[in-house]
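**Q**
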Amino acid sequence: MPAPTAARDRCGVKGRRRGEDRASTLRTIFDRLAAAYGGQGWWPARAPFEMMAGALLTQRTAWRNAERVIESLRRAGALSPEVLAGLPTPTLEALVRPAGTFRTKAARLRILARWYVDAGGRESLKQRTTPELRAELLALPGIGPETADDILVYAFARPVFVVDAYARRIFSRYGWAGGEEPREQLSAAVACAFGRDAAVLGELHALLVEHGKRHCRSSPRCTGCPLAARCRTAARRVETGGEDA
Ligand code: SF4
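Its first residue numbered 610, the sequence shown is counted upward by one per residue in our numbering.
1. Rounded to the nearest angstrom, how far is the Cβ of Pro690 from that of Ala722, given a contact under 8 Å?
2. Taking Met661 as the reference, which of Pro740, Gly686, Gly709 and Gly751 has the closest Cα?
3. Report all residues from its chain with a CB closer than 7 Å to the CB of Pro829; omit the five preceding and five following residues, and keep chain order.
4. Quick check: Thr696 and Leu688, are their CB atoms within less than 8 Å of each other?
5. Kindly confirm or deny that the stretch 647 to 656 and the stretch 821 to 838 touch, where touching means at least three C-beta pairs closer than 8 Å.
6. Just to confirm my understanding: we take Arg669, look at its own chain, exclude 5 residues before and 5 after, and list those with CB closer than 8 Å. What are they?
7. Please state whether DSSP places Gln794 in a helix, a strand or coil.
8. Just mark Asp618 as buried or exposed, buried being the case when its beta carbon has 16 or more other beta carbons within 10 Å.
9. For a test of the three-state rule: what should DSSP assign to Asp759, helix, strand or coil?
10. Can you have a look at Lys714 and say buried or exposed, based on whether 16 or more other CB atoms are within 10 angstroms of its CB?
11. Hey, could you find the ends of the alpha helix (DSSP H) His820 is sitting in?
12. Would Leu817 and Tyr775 qualify as a contact pair, given that the criterion is a beta-carbon distance under 8 Å?
13. Quick one, are the C-beta atoms of Leu742 and Phe770 less than 8 Å apart?
14. In whole angstroms, give me the CA-to-CA distance for Arg731 and Tyr725.
15. Let me have the residue list for ligand 1: C-beta closer than 5 Å to any non-hydrogen atom, ordered along the chain.
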């Protein structure tokens with residue numbers, strides 16, 4: 610049995626590309642996407658609580674709808690957790706309405722705001738370890754693993770990689786991962802490859818989302834894809850005459 614590469618040892622991932630430094634492959638993916646799409650500037654929020662509210666509001670709706678609500682909350686002076694937590698329910702629901710499922714989202718926003726205030730705000734929350742913070746976020750209604758990781762990396766600058774459907778799809782098509790790995794394993798491997806740099810991990814997530822929308826859709830558009838030169842799926846499609854790459 611061949612000895613595992615240093616990258617595999619260090620990052621604890623079983624690679625699909627034998628003999629290749631998987632961490633370096635991942636950095637190449639990052640570089641190519643960054644060159645193609647430029648800086649993504651995620652998360653577009655002025656304060657940590659605004660980012661958290663946006664993460665809840667954008668669930669099952671386009672970001673532009675969540676953005677409308679954020680702007681309305683800002684105009685109403687209700688973007689601070691203290692104010693938002695105290696808003697009358699009909700007022701909060703009316704403000705949240707453009708993001709859809711407004712009763713549920715308004716209730717979840719209020720609970721999030723109360724939790725934030727009761728926990729002592731960001732100064733107190735940032736003293737928590739990442740596992741502690743993640744566990745508290747996951748205990749809140751409407752916050753699943755993906756939203757929790759969004760919040761950890763963008764609101765608290767924790768070195769967490771957000772594993773979503775785009776990342777799984779792109780990594781598996783490219784041949785970097787199987788796509789079915791446990792979330793924790795994939796997230797830890799990517800974080801390791803980038804030296805646990807929260808800013809880079811947040812940017813990678815944003816770039817993958819952009820790539821998943823532009824090229825690596827459910828039906829991939831390999832022509833002109835910035836990853837096509839090394840992508841296994843693209844190579845296979847050329848071989849089988851499925852599509853030019
Ligand atoms: S070449 Fe095709 S399958 Fe590969 S990453 Fe690009 S769009 Fe996805």
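We put the beta carbon where it would ideally sit given N, CA and C, even for glycine. What you are looking at is a predicted structure, and each value in this text was computed from that prediction instead of being measured.
**A** A quick look at the data gives this:
1. 4 Å
2. Gly751
3. Arg782 and Thr842
4. Reading off the sequence, residue 696 comes out as Leu, not Thr. No; because the gap between Cβ atoms is not below 8 Å, this pair is not in contact.
5. no
6. Gly709 and Thr710
7. helix
8. Because Asp618 carries a pLDDT of 42, less than 50, the predicted location of this residue cannot be relied on, and no value is offered for it.
9. helix
10. buried
11. Ala807 to Arg823
12. yes
13. no
14. 8 Å
15. Arg782, His824, Cys825, Pro829, Cys831, Cys834, Leu836, Ala837, Cys840, Thr842 and Ala843
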